[in-house]
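Here the protein sequences come in this chain order: A and Y.
Every letter in the first sequence is one number past the one before it in numbering that gives the first Met the number 0, and letter 229, counting from 1, is 228.
Every letter in the second sequence is one number past the one before it in numbering that gives the first Met the number 0, and letter 51, counting from 1, is 50.
Think of the CB as a built atom: it goes at the ideal place given N, C-alpha and C, for glycine as much as any other residue.
Owing to the predicted nature of the structure, the values given are computational and were not obtained by experimental measurement.
One structure below.
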Amino acid sequence: MSSAMAPRRTPRALAAGLLLIALACDRADSSFSVSSSNDTSERLAVQVASPLVAKMLSAPDHVRFRGTRRHEVRWNLPFGQRQLVYRENVFSDGAGGFAIDPVALLEPTVSWLERDVFLLMQKAREGFLYRYRDFRVHDAGLFLANYVIVDPGTAVSVAGRNCAELWIERRDGASRRFRVAVDLETGIALSVREESLQGILLTSMEYERFSLAPDLSQVELHDPQVQEEPLDESASPTLGFAPAEPRLLPSGYRRLEATRVYDAEERGWWAKYTYSDGLELVFFLHGGERGGETAGVDADVIQASSVGPWRVLRGSLRGQRVLAMGKAPEPELLRMIDSAFFR
Amino acid sequence: MTISCQSFRAEPPERRDAARDAAPDAAPDPAIGPGAPALEPTSEHARVCDECATWARRWKERAASLASLQRQSVPADLEGRVAATLQAGHRQARAVTAVQGLARLPLPLDLEGAVRSAAEQSVGDAEGRLLGRDRRAAPPLRAPSVLERLVREELSDLPRARARRFLGSLVRLGAPSALEPRVAHDLTRVAPARARVPRGLAWGALAAGLLAVALLPSVLREGTGGEVDVHFRVVRADTLEDLDPVSRALIDAVSGGILSAGNP
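This is the structure we're talking about:
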C-alpha cells in the first residue's frame, strides 16, 4: 500500500517558491517577528530567517546532493514500546529525481532474513519516504501561518556543514515540536529531532555524511510504479464514481493537490486528496463502490488505529470505500471523513 | 570363317604371340579342347587368311589405343565402403571417427545479433504481460540496488551468511511453565516483609485513587480529542491483532517500517 502513496514528480515546489517570494517581499526586511501566546515562544528570541525557509521549500527537489543519514524512531505505543534505528543513503539529482537506499538496520536486532526483508521494504517505500515522511516544507504560506519558527541564533555543524538551528512548533493544538538543523547554503534539513512537549524523543534523523553535486551516474533513481494523475474535471468521469471530497478539514490544513491513483490489484481508480498545514500531511482517499465492502471492515464502520503520531482510519461508508491518514488529531480526521459523505 | 579362323580368334593375338615365345614346345591350350589344332603363330594363319589378318591388325590397334588411355584413380570412399561391407560391426566406431574429424564451421556474422534481438523481444513481451503495460513505454525491469548489494554481501562471505541463516531460523525457547508459579510464590513471600503503611496515609491514597478514577474519562477524552458526533461507528484497534492487514501495512509504511522491523 505504500506504493499507492508514491507521488508523481510534479514541480509544485517551484510554484510554492514563487508564493514564498511574494510573501517575503511584503515584509520590511529579511526577517520578521512572530508573536505568540505560547510560553515557549515567549521565552525565546523570536527571529525567523525567511530566506532560509524559502530555501527549505525548494531544497529537496532542486539541490543535487547525496548523503548518509541515521534514522531513529522510539514510540511508546498502546501495544508496547517500539524502537527502530537504521541508516540509509539518499540521493537527489536536483531535478526532481531522487533515491533512498537503506544501508543497515541497527535496531532492533533481528535475523538476517528479517533484516533483508526490512531493507527491501524500505527501498520499495522510497517514494513515500522521500516525499512525505521526510521533514520538508510543503507550503510556505501555510507553514508560516501555522507554525512558530524560532531561530535562537545557535550555529551548529552537521556532517561538516554549517547549519542554523530552528525550533518549530504548531501555534495551536501542538502536541509535538521539532528541533531542526538547516544547512545555511542549501536549505536542506540535515538534522531533525521530533519530540513531545515533555521533551521525549519520538523520531530523529541526522546526516552523517553529506556532499553537493555528486556523480549520480551509478545511482538508480526512483521510478514510480503507481499510475497517478491530476484529478481534474476531465479525469473525474473516468473514475467510475463521483468523488467525494471532505468539506471540513483539520485545523490549519489546505488542499495541496487532487489526483487519481490506479489500483492495479482491483483494477480501479481511487480519488486521492492531499492536504497540508505547511509541514504535516493528511491524505483522504475515496475508492467508490468497487468491490463492495472494504475487506475486513463492515459497512458504515471506520476502523481507527494509530502508531505514534500517525493515524489511519479506514472503512466503508454507504458502500463507499474510504481511507484517511495523517498526523492530525483523530477527532478532526473523523469529522473530515464524515463531511465527505454526510451533509 | 573356318575352324582355323575360330581357333585363331579365340586368343588375343598378343597373348598367342607371348605364349608361343615363352614355350615354343608347350602342349595345346586346354581351353580349346582336345583335338584342337596347336596354336599357330599369328603371323602364320594371318599370312594365309586375309580376314584374320585384318581382325588381328584391328585388335592390336584397339589394344594399343586402350593402353594409351590415362589410368583413372580409385574413388576415395571405395576402400571404406568395401571395409564397411566386410566389417559391418565397426560402423559406429567409424562414424564417430568420421564425425570427430569434421571441421568446425564458422557462425554467420549476423547470427548473434539475430538471437539477441529475438531474446530481448521475448523478455520484453514477458515484462509487458507481467506489468500490464507496453514495454516500449517503460524501461526494462531491474533488480533494486539494495537487493544487488545484499546478494553481493552474502556472496562475499558465504560461511558467515550460512551461519546467520541457520542461527536466524532457530526457534526461540519459551520459559518453563513452572517458572511463573515460582516467581509468583517468591513475590508473595516478600510482600509480608514490607513496612506497614500508616492508616491515615492509606485513606489518603484511597481518596486520591477514587478521585483519579472519577477524572479518568475526562482525561482520556482530552487525550483523544473527545467524542466526535459522526454518522458512523468507530472501532478502535488497540492491539496489532485488531488491525486488519491493510491498515497494518499502511501504518508500517507511514511509520517507516517500525512494525515490520523484527517486532511481533
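Cross-chain neighbours of residue i in chain Y, by beta carbon under 8 angstroms
{"i": "Gly307(A)", "result": "Ser254 and Ile257"}
{"i": "Arg130(A)", "result": "Neighbours of Arg130(A) on chain Y: none; closest Cβ ~12 angstroms, over 8 angstroms."}
{"i": "Phe127(A)", "result": "Ala252 and Val253"}
N- and C-terminal bounds of the alpha helix (DSSP H) containing residue i
{"i": "Gly140(A)", "result": "Ala139 to Asn145"}
{"i": "Glu300(Y)", "result": "Past the edges of chain Y, shown from 0 to 263, lies residue 300(Y), and the structure says nothing about it."}
{"i": "Leu118(A)", "result": "Trp111 to Ala123"}
{"i": "Leu333(A)", "result": "Glu329 to Phe340"}
{"i": "Glu254(A)", "result": "Inspection of the sequence shows that residue 254(A) is occupied by Arg rather than by Glu. First-last for Arg254(A): Arg253 to Asp262, but that is the beta strand (DSSP E), not the alpha helix (DSSP H)."}
{"i": "Thr53(Y)", "result": "Asp49 to Ser67"}
{"i": "Met55(A)", "result": "Ser49 to His61"}
{"i": "Phe7(Y)", "result": "Ile2 to Arg8"}
{"i": "Ser235(A)", "result": "Note, Ser235(A): premise wrong, no alpha helix (DSSP H); not H, not E."}
{"i": "Ser246(Y)", "result": "Pro244 to Val253"}
Pair within 8 angstroms by beta-carbon distance, residue i and residue j
{"i": "Met120(A)", "j": "Gly256(Y)", "result": "yes"}
{"i": "Ile148(A)", "j": "Phe231(Y)", "result": "no"}
{"i": "Pro50(A)", "j": "Gly126(A)", "result": "no"}
{"i": "Ala66(Y)", "j": "Pro12(Y)", "result": "no"}
{"i": "Glu168(A)", "j": "Pro151(A)", "result": "no"}
{"i": "Ala339(A)", "j": "Ala243(A)", "result": "yes"}
{"i": "Ile265(Y)", "j": "Val306(A)", "result": "Residue numbering for chain Y in the displayed model covers 0 to 263; residue 265(Y) lies beyond these limits and cannot be assessed."}
{"i": "Thr258(A)", "j": "Pro236(A)", "result": "no"}
{"i": "Ala158(A)", "j": "Gly277(A)", "result": "no"}
{"i": "Val229(Y)", "j": "Ala303(A)", "result": "no"}
{"i": "Arg359(A)", "j": "Leu141(A)", "result": "Nothing about residue 359(A) can be reported from this structure: the residues present for chain A run from 0 to 342 only."}
{"i": "Arg81(A)", "j": "Leu200(A)", "result": "no"}
{"i": "Leu280(A)", "j": "Tyr131(A)", "result": "yes"}
{"i": "Phe97(A)", "j": "His221(A)", "result": "yes"}
{"i": "Leu83(A)", "j": "Glu106(A)", "result": "yes"}
{"i": "Val253(Y)", "j": "Met324(A)", "result": "yes"}
{"i": "Leu211(A)", "j": "Asp92(A)", "result": "no"}
{"i": "His137(A)", "j": "Ser250(A)", "result": "no"}
{"i": "Glu208(A)", "j": "Glu194(A)", "result": "The question names Glu, but residue 208(A) is Arg in the sequence shown. Contact flag unset, no."}
{"i": "Leu333(A)", "j": "Val227(Y)", "result": "yes"}
{"i": "Pro213(A)", "j": "Arg65(A)", "result": "yes"}
Cross-strand partners of residue i (DSSP beta bridge)
{"i": "Glu87(A)", "result": "Arg68(A) and Pro101(A)"}
{"i": "Ala154(A)", "result": "Ala163(A)"}
{"i": "Val234(Y)", "result": "Gln302(A)"}
{"i": "Thr202(A)", "result": "Val72(A) and Glu193(A)"}
{"i": "Gln224(A)", "result": "Gln224(A) pairs with nothing; no bridge assigned."}
{"i": "Ala180(A)", "result": "Glu164(A) and Ser190(A)"}
{"i": "Arg81(A)", "result": "Trp74(A)"}
{"i": "Leu211(A)", "result": "Phe64(A)"}
{"i": "Leu169(A)", "result": "What sits at residue 169(A) in the sequence shown is Arg, not Leu. For Arg169(A), which the question treats as bridged, DSSP gives the partners Tyr146(A)."}
{"i": "Arg175(A)", "result": "Ser195(A)"}
Where the beta strand (DSSP E) containing residue i begins and where it ends
{"i": "Lys271(A)", "result": "Gly267 to Ser275"}
{"i": "Gln319(A)", "result": "Gln319 to Gly325"}
{"i": "Pro229(A)", "result": "Glu227 to Pro229"}
{"i": "Arg310(A)", "result": "Trp309 to Leu316"}
{"i": "Leu284(A)", "result": "Leu280 to Gly287"}
Interface residues of chain A facing residue i [CB-CB closer than 7 angstroms]
{"i": "Val276(Y)", "result": "This structure cannot settle anything about residue 276(Y), because the visible part of chain Y is limited to 0 through 263."}
{"i": "Arg232(Y)", "result": "Asp299 and Val300"}
{"i": "Pro158(Y)", "result": "None at all; the shortest Cβ gap to chain A is about 13 angstroms."}
{"i": "Val145(Y)", "result": "Asp100, Pro101, Leu118, Leu119 and Lys122"}
{"i": "Ser246(Y)", "result": "Gln302, Ser304, Val311 and Arg313"}
Interface residues of chain Y facing residue i [CB-CB closer than 9 angstroms]
{"i": "Ser203(A)", "result": "Neighbours of Ser203(A) on chain Y: none; closest Cβ ~12 angstroms, over 9 angstroms."}
{"i": "Asp337(A)", "result": "Val227, Asp228, Val229, His230 and Phe231"}
{"i": "Arg246(A)", "result": "Simply none; closest approach about 13 angstroms."}
{"i": "Leu255(A)", "result": "Those do not exist, as Leu255(A) stays about 17 angstroms from chain Y at its closest Cβ, beyond 9 angstroms."}
{"i": "Leu316(A)", "result": "His230 and Phe231"}
Partners in chain A for residue i, counting only beta-carbon separations shorter than 8 angstroms
{"i": "Ala236(Y)", "result": "Gln302, Ala303 and Ser304"}
{"i": "Leu172(Y)", "result": "Ordered by position in chain A, no residue passes the 8 angstroms Cβ test against Leu172(Y), which lies about 16 angstroms from the chain."}
{"i": "Leu149(Y)", "result": "Asp115, Leu118 and Leu119"}
Listed by chain order, chain Y residues near residue i by CB distance under 7 angstroms
{"i": "Trp74(A)", "result": "Ile257"}
{"i": "His70(A)", "result": "Gly255"}
{"i": "Arg320(A)", "result": "The contacting residues do not exist; Arg320(A) stays about 10 angstroms from chain Y at best."}
{"i": "Phe341(A)", "result": "His230"}
{"i": "Leu104(A)", "result": "Ala260"}
Assess, as a yes-or-no matter, whether the segment 327-337 of chain A is touched by the segment 303-310 of chain A under the definition of 3 or more beta carbon pairs within less than 8 angstroms. The segment 303-310 of chain A makes contact with the segment 327-337 of chain A; the number of CB pairs closer than 8 angstroms reaches 3 or more.
Could you check whether the segment 85-94 of chain A touches the segment 60-70 of chain A, counting it as contact only if at least three pairs of C-beta atoms, one from each stretch, sit closer than 8 angstroms? yes
Below 8 angstroms, can you find three or more Cβ-Cβ pairs linking the segment 181-198 of chain A to the segment 57-67 of chain A? A contact exists between the segment 181-198 of chain A and the segment 57-67 of chain A.
Using a Cβ-Cβ cut-off of less than 8 angstroms, give me the residues of the segment 219-234 of chain A that come near chain B, in sequence order. Among the protein chains in the structure shown, which are A and Y, there is no chain B.
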